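Novice:
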Amino acid sequence: MSETASTKKQKKPLLNGRRAVPSNNSNAEENEVPEMEVFGFTPRGFNPKDHLHVVDIHLFKEPYEINKQEHHTDKYYSPKLIVRRGQPFQIQIDFNKPYEPGTDQFWLEYLIGRYPQQNKGTYIPVLVGDELKPGEWGAKIIHKENNSIRLSVMSAATCIVGKFRLYVAISSPFGIFRTRRNAETDTYILFNPWCQQDAVFLDDEREREEYVLNDVGVIFHGDVNDIKLRSWSYGQFEENILDACLFLMDKAELELSGRGNAIKICRVASAVINSRDNDGVIAGSWDNSYAYGVPPSVWTGSVDILLEYYSSRQPVRYGQCWVFAGVFNTFLRCLGIPARVVTNYSSAHDNNANLQLDFYLDEEGKLDTKTTKDSIWNYHCWNEAWMSRPDLPVGFGGWQVVDGTPQETSDGMYRCGPTSVQAVKHGHVCFQFDAPFVFAEVNSDIVYSRREKNGTQVIEKIDMTHVGKLIVTKEIGSDGMMDITEEYKFQEGSDEERLALETAVMYGVKKQVTQDTVYHPQTDVDMDFQVQKAVLGSDFKVTITFKNKSQNYYSAIAYFSGNIVFYTGVTKSEFKNQTFNVTLEPSSSSTFDVPIKSSEYLGELLDQASFHFFVTARINETGKILAVQKATVLEIPMLHIKTHGETVAGKEMFVVVEFTNPLNQTLENVTLRLEGPGVLRTMKKDFRQIPANSTLTWEVKCTPKRPGLRKLIASLNCDALRHVYGELNVQIQKL
Numbered sequence: 001m002s003e004t005a006s007t008k009k010q011k012k013p014l015l016n017g018r019r020a021v022p023s024n025n026s027n028a029e030e031n032e033v034p035e036m037e038v039f040g041f042t043p044r045g046f047n048p049k050d051h052l053h054v055v056d057i058h059l060f061k062e063p064y065e066i067n068k069q070e071h072h073t074d075k076y077y078s079p080k081l082i083v084r085r086g087q088p089f090q091i092q093i094d095f096n097k098p099y100e101p102g103t104d105q106f107w108l109e110y111l112i113g114r115y116p117q118q119n120k121g122t123y124i125p126v127l128v129g130d131e132l133k134p135g136e137w138g139a140k141i142i143h144k145e146n147n148s149i150r151l152s153v154m155s156a157a158t159c160i161v162g163k164f165r166l167y168v169a170i171s172s173p174f175g176i177f178r179t180r181r182n183a184e185t186d187t188y189i190l191f192n193p194w195c196q197q198d199a200v201f202l203d204d205e206r207e208r209e210e211y212v213l214n215d216v217g218v219i220f221h222g223d224v225n226d227i228k229l230r231s232w233s234y235g236q237f238e239e240n241i242l243d244a245c246l247f248l249m250d251k252a253e254l255e256l257s258g259r260g261n262a263i264k265i266c267r268v269a270s271a272v273i274n275s276r277d278n279d280g281v282i283a284g285s286w287d288n289s290y291a292y293g294v295p296p297s298v299w300t301g302s303v304d305i306l307l308e309y310y311s312s313r314q315p316v317r318y319g320q321c322w323v324f325a326g327v328f329n330t331f332l333r334c335l336g337i338p339a340r341v342v343t344n345y346s347s348a349h350d351n352n353a354n355l356q357l358d359f360y361l362d363e364e365g366k367l368d369t370k371t372t373k374d375s376i377w378n379y380h381c382w383n384e385a386w387m388s389r390p391d392l393p394v395g396f397g398g399w400q401v402v403d404g405t406p407q408e409t410s411d412g413m414y415r416c417g418p419t420s421v422q423a424v425k426h427g428h429v430c431f432q433f434d435a436p437f438v439f440a441e442v443n444s445d446i447v448y449s450r451r452e453k454n455g456t457q458v459i460e461k462i463d464m465t466h467v468g469k470l471i472v473t474k475e476i477g478s479d480g481m482m483d484i485t486e487e488y489k490f491q492e493g494s495d496e497e498r499l500a501l502e503t504a505v506m507y508g509v510k511k512q513v514t515q516d517t518v519y520h521p522q523t524d525v526d527m528d529f530q531v532q533k534a535v536l537g538s539d540f541k542v543t544i545t546f547k548n549k550s551q552n553y554y555s556a557i558a559y560f561s562g563n564i565v566f567y568t569g570v571t572k573s574e575f576k577n578q579t580f581n582v583t584l585e586p587s588s589s590s591t592f593d594v595p596i597k598s599s600e601y602l603g604e605l606l607d608q609a610s611f612h613f614f615v616t617a618r619i620n621e622t623g624k625i626l627a628v629q630k631a632t633v634l635e636i637p638m639l640h641i642k643t644h645g646e647t648v649a650g651k652e653m654f655v656v657v658e659f660t661n662p663l664n665q666t667l668e669n670v671t672l673r674l675e676g677p678g679v680l681r682t683m684k685k686d687f688r689q690i691p692a693n694s695t696l697t698w699e700v701k702c703t704p705k706r707p708g709l710r711k712l713i714a715s716l717n718c719d720a721l722r723h724v725y726g727e728l729n730v731q732i733q734k735l
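Using the UniProt record's numbering, the first residue of the sequence shown is number 1, and each one after it goes up by one.
1) Which runs of the beta strand (DSSP E), 3 residues or longer, sit entirely within the region 469 to 545?
2) Can you find the residues in the same chain that come closer than 6 angstroms, C-beta to C-beta, to Tyr76, ignoring five residues on each side of it along the sequence?
3) Under 8 angstroms by Cβ, that's how I've got Lys576 and Gly562 pegged, so tell me the actual separation to the nearest angstrom.
4) Can you grab the Cα-Cα spacing for the pair Phe95 / Asp56, in whole Å?
5) By how many angstroms is the C-alpha of Val401 removed from the C-alpha of Cys416?
6) Identify the continuous beta strand (DSSP E) that holds Arg84 and give its terminal residues.
7) Could you check the C-alpha separation between Gly412 and Pro406 for me, to the nearest Å?
8) Determine the closest residue to Val438 out of Asn354, Glu37 and Gln457, with distance taken between C-alpha atoms.
9) Touching or not, the region 297 to 315 and the region 252 to 271, by the rule of three or more beta carbon pairs under 8 angstroms?
10) Tell whether a beta-carbon distance below 8 angstroms holds between Arg85 and Ala156.
11) Compute the distance between the beta-carbons of Ala714 and Leu674, then report whether it is under 8 angstroms.
12) DSSP beta-bridge partners for Val730?
13) If you measure between the beta carbons of Ser587 and Asn620, is that distance less than 8 angstroms?
14) Say whether chain B places a C-beta atom closer than 8 angstroms to the C-beta of Lys711.
15) In terms of alpha-carbon separation, which member of Gly129, Val582 and Met36 lies closest to Ser172?
16) Check each candidate in Arg722, Asn27, Ala720 and Pro707 and name the one with the smallest Cα separation from Ile732.
17) Under the three-state reduction of DSSP, which class applies to Cys266: helix, strand or coil?
18) Do you know offhand how far Phe247's Cα is from Ala339's?
19) For Leu584, write down the residues that DSSP places opposite it in a beta bridge.
20) For Asn454, count the other beta carbons within 10 Å of its own beta carbon; 16 or more makes it buried, fewer makes it exposed. Which is it?
21) Taking all protein chains shown into account, decide if Ser233 is buried (16 or more other Cβ within 10 angstroms of its Cβ) or exposed.
22) Can you give me the C-alpha to C-alpha distance between Cys718 and Pro637, rounded to a whole angstrom?
23) Nearest to Leu663 by CA position, among Asp203, Glu100, Ser599 and Asn261, is which residue?
24) For residue 740, tell me which candidate among Ser285, Lys228, Tyr290 and Phe164 has the shortest Cα-Cα distance.
25) Where does Thr369 fall in DSSP's three states?
26) Taking one C-beta from the region 281 to 296 and one from the region 186 to 201 each time, how about it: are there three or more such pairs within less than 8 angstroms?
27) With Phe614 as the anchor, note down where its alpha helix (DSSP H) starts and where it stops.
28) I'd like the ranges of any beta strand (DSSP E) spanning at least 3 consecutive residues and lying wholly in the region 284 to 359.
29) In the DSSP assignment, the alpha helix (DSSP H) including Glu109 goes from what residue to what residue?
30) Grab me the residues of Glu408's own chain with a C-beta within less than 7 angstroms of its C-beta, minus the 5 sequence neighbours each way, in chain order.
31) Near Arg276, what residues of its chain come up, given a Cβ to Cβ distance below 6 angstroms and the 5 sequence neighbours on each side ignored?
32) Give the straight-line distance between the Cα atoms of Glu460 and Pro521, rounded to the nearest whole angstrom.
33) Near Val212, which residues of its chain fall below 6 angstroms by C-beta distance, leaving aside the five closest residues on each side in sequence?
34) Between which two residues does the alpha helix (DSSP H) containing Ile66 stretch?
35) CB Glu441 to CB Ser375, shorter than 8 angstroms?
36) Taking the alpha-carbon positions, what's the Leu166 to Asp445 distance?
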């Protein structure tokens, strides 16, 4: 057998005893539809063209025409018709002669995939009737003139989301005649947050503008005590992005019949956004090694990532949580599912799902890094998608957590969600999907424990307030920060918050508290510390404070540990440690300063200039241990963007990016990146060197496409300096 024949044989769909029709899980594949289905014998001399037939079809698919205007799809850079389900749209059919309702019969056919079936919603015959029923497929004639008729077509509010092929079928006494396959009449059908019957219906216009139509956003990062933000270009309307997003569902092999279900789409997408299981979109890297790719800090938006993946079919290297969240947000908004990026500060990663973070100390009170497996991320970004949850009891619809960052497996794959935010708040972690993991991220306790020589496990401290300190997202209509912590949890320490935790435990998530655990904390001595804010490359100090609230004299041995960490809380190296003795007078406070010199940390620093400081102290008189930990980030310099020339759509303008090197060393192999949806596609430029304390200037020429308020976003990357960003809002005028 020849290689070609062998390949053809392999490509033939596999059938088995359980399926009459193979899986229909590709929007890209098609079947051949016959142009003519003859009933029995046709009489001699029969010519189909003597009967009614279609000359042309008009879809009113230009951005300024009725369909895209009324369906809020005029921003998509696509020549095809794009409509939202559950809402009427118009098409015009030109026949060869006037249409006679009494004698002529025709209908529309919408097909998707290779094996269309009416009972699966992949073959949809649309008959012409007298009226349209809300949320159901149908068509009615709204205008007739000469040989043309104009139809109002309604799609079902539960319709599959994807690209459909359109045929017009005409019945004659001798058979059915169809229009030829014509890619120009392909129709994309999306979710519809404007339609009350749609599962993603959102009843606030300002929220729809933000969570569906806004193509740029803000992602918060840094640390809870030093919140930073960066703009991200979602670009869901850019050329080929819609096709790239539909391809992701093909890649995930989601049955076409399931693509009208936002729950299923979110679940499979959370797996395909990362590359861990199925060569999905983005390969993650958290070890500061970015061979054969670019550091996550380089990306300024989703468009380049999705288009690279769509063309290469290979994972794009590399991403971290905000990159996964940014791309996932593009996917959701592009398909019409309302979505936003959420940042959780002091986010717990609970490895064994016991709803607590276990930090083990050695006999001296130092953290035992070998036995401590749980970690606290400075911050973690995920997404929320808005939808009803008919699979859950009433009240658990609305915002759902979906997370494309690969952390733990769920049903055998690296994915997370959709998880009801309401279920998390009330501790109802029994409801699908992955509620225990999300609950632990925002509301677990940190338990510091030490095992004594006789084997007894002594709990030295339980911190109930460190995890999930602050949960935020972008404000509607501005780049400000909106605090949504109370959507995930009741106020820390309140009866309701403790009840939610107990409810979560009751629903089958066992806490591993053993019989031999003892907990008698030192309550009359407090210890805390503050980290001085500092710019990258400068010296700073950490101030430790002890407060003796009793009438007793105490002495203690304190241990300070300064670590360079990944933003995930995982330690790269300890760059400073110091032990000192403390004397505590009754009813008094003592402070100690630990100086940190730039020379101690600069050579070891990672991407996000993150530190983790851990202070423990053992009270000599009681043997009790005090423990406090905090993360902090240094200030990183900004890029400055300005424009000159007229900022008018269709006219040439100039964008200037400036950067001053703040370090006392030369930066080498520097890459600048600039993008702005509607203004310019991503541009890159490499610079061999930027000498110490010198300023670099890069000027770019561009022609904006779209009027309105647009945003320019720039990033700078080199081995010595990452996470350097700049942005500028630009008002583009109409020509």
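Ideal Cβ positions, reconstructed from N, Cα and C, are used throughout, including at glycine.
All values reported here derive from a predicted model rather than from experimental measurement.
Specialist: Taking the coordinates as given:
1) 470 to 474, 481 to 483, 517 to 519 and 525 to 531
2) Ile82 and Phe237
3) 4 angstroms
4) 7 angstroms
5) 8 angstroms
6) Leu81 to Arg84
7) 12 angstroms
8) Asn354
9) no
10) yes
11) yes
12) Arg710
13) no
14) Judged by its chain identifiers, the structure shown contains no chain B, having just a single protein chain.
15) Met36
16) Pro707
17) helix
18) 19 angstroms
19) Tyr554
20) exposed
21) buried
22) 13 angstroms
23) Ser599
24) As displayed, the chain neither begins before 1 nor continues past 735, which places residue 740 out of reach and without an answer.
25) coil
26) no
27) Per DSSP, Phe614 belongs to no alpha helix (DSSP H); it is in the beta strand (DSSP E), Ser610 to Ile619.
28) 316 to 319 and 339 to 349
29) Segment Gln105 to Leu111 is the beta strand (DSSP E) holding Glu109; no alpha helix (DSSP H) there.
30) Phe437
31) Pro406 and Tyr414
32) 6 angstroms
33) Pro193, Arg333 and Pro338
34) Ile66 to Glu70
35) no
36) 56 angstroms
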